[in-house]
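Now the structure itself:
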């Protein structure tokens with residue numbers, strides 16, 4: 001009876017896992033379509049390069065595409081401010097034209113050609129009507145772009161700090177499972193099986209030992225998945241697409 005109960009528990013866990021797979025496929029299908037989401041997945045886990053130190057990650061963060069776009073916006077806003085300030089200065093315009101005149105003078109001499117020079121100066125006398133508004137608007141855009149850059153950097157930095165700490169703790173836990181919990185669970189299973197073969201324990205003890213070992217192995221796989229998900233987030237924060 002106990003053996004059947006343990007088996008039923010494993011079947012229930014398998015059904016739960018299948019349910020989770022179907023939910024995740026539906027969520028993925030929202031972005032890439034159900035046909036692509038239903039494709040067979042590679043069972044092996046991705047192998048990425050070793051995670052750099054936090055100091056190096058922080059340097060990479062400054063090259064994140066979002067921050068680079070913010071920097072471009074700030075630079076463009078600075079040019080707008082410079083242009084607005086130039087509008088307060090007098091504007092000069094020089095023009096030279098050469099004209100060929102036909103016909104003759106009353107005395108019969110041909111008419112001479114004409115060279116014309118023109119100088120125009122634009123004086124910004126009433127700056128409140130245009131220049132002041134232009135400068136104020138450009139300064140506002142500069143402040144907004146600088147604020148956006150600061151906010152995005154702060155958010156990315158917070159995410160980097162959090163995810164790096166999560167990755168470290170998950171690495172420690174995975175090491176604990178690989179070097180302690182899983183080996184101990186296997187030893188416990190062997191001991192329970194040996195005791196059952198020597199008729200010093202019941203079959204339920206062996207089943208519980210196998211169930212405990214399987215639980216630890218599944219938890220280790222889940223830890224690896226969570227660690228890889230965290231690594232993917234860190235790759236995004238580094239500005240690396242693949």
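Numbering (our numbering), first residue to last: 1 to 242.
Heads up, the beta-carbon is just placed ideally off N, CA and C, and yes, glycines get one too.
Nothing here was measured: the structure is a model prediction, and the numbers come from that model.
Sorted by chain position, which residues of the same chain lie with C-beta nearer than 6 Å to residue i's C-beta, five sequence neighbours on each side aside?
{"i": "residue 242", "result": "Reliability fails at residue 242, whose pLDDT of 44 lies under 50, so the model's placement of it is uncertain and the value that follows must be treated cautiously. Result list for residue 242: empty, nothing under 6 Å."}
{"i": "residue 195", "result": "201"}
{"i": "residue 77", "result": "141, 142 and 145"}
{"i": "residue 239", "result": "63, 64 and 65"}
{"i": "residue 97", "result": "116"}
Would residue i pass as a contact of residue j if the rule is Cβ separation under 8 Å?
{"i": "residue 165", "j": "residue 134", "result": "no"}
{"i": "residue 172", "j": "residue 220", "result": "no"}
{"i": "residue 227", "j": "residue 48", "result": "no"}
{"i": "residue 218", "j": "residue 206", "result": "no"}
{"i": "residue 235", "j": "residue 167", "result": "no"}
{"i": "residue 237", "j": "residue 158", "result": "no"}
{"i": "residue 81", "j": "residue 139", "result": "yes"}
{"i": "residue 28", "j": "residue 37", "result": "yes"}
{"i": "residue 244", "j": "residue 160", "result": "Examination of residue 244 is not possible in this model, given that the chain is present from 1 through 242 alone."}
For the alpha helix (DSSP H) that residue i lies in, which residues bound it at each end?
{"i": "residue 236", "result": "203-238"}
{"i": "residue 164", "result": "131-176"}
{"i": "residue 183", "result": "182-197"}
{"i": "residue 179", "result": "Unbroken run through residue 179: none, as it is neither H nor E."}
{"i": "residue 34", "result": "34-37"}
Starting from the C-beta of residue i, find all residues in its chain whose C-beta is less than 7 Å away, skip the five residues before and the five after it, and write them out in chain order.
{"i": "residue 146", "result": "74"}
{"i": "residue 223", "result": "170, 173, 174 and 177"}
{"i": "residue 186", "result": "213"}
{"i": "residue 52", "result": "none"}
Between residue i and the rest of its own chain, which residues show a CB-CB distance below 8 Å, the 5 nearest in sequence each way excluded?
{"i": "residue 67", "result": "61, 149, 152, 153 and 156"}
{"i": "residue 214", "result": "10"}
{"i": "residue 191", "result": "209"}
{"i": "residue 188", "result": "209, 212 and 213"}
{"i": "residue 216", "result": "177, 181, 182 and 185"}
Does any CB atom of chain D fall closer than 8 Å to the CB of residue i?
{"i": "residue 78", "result": "In the displayed structure, chain D is absent; only one protein chain is listed."}
Practice task
Would you mind listing the alpha helix (DSSP H) stretches within the region 46-99 that are 4+ residues and don't spill past its ends, in chain order?
Solution key: 54-61 and 65-86
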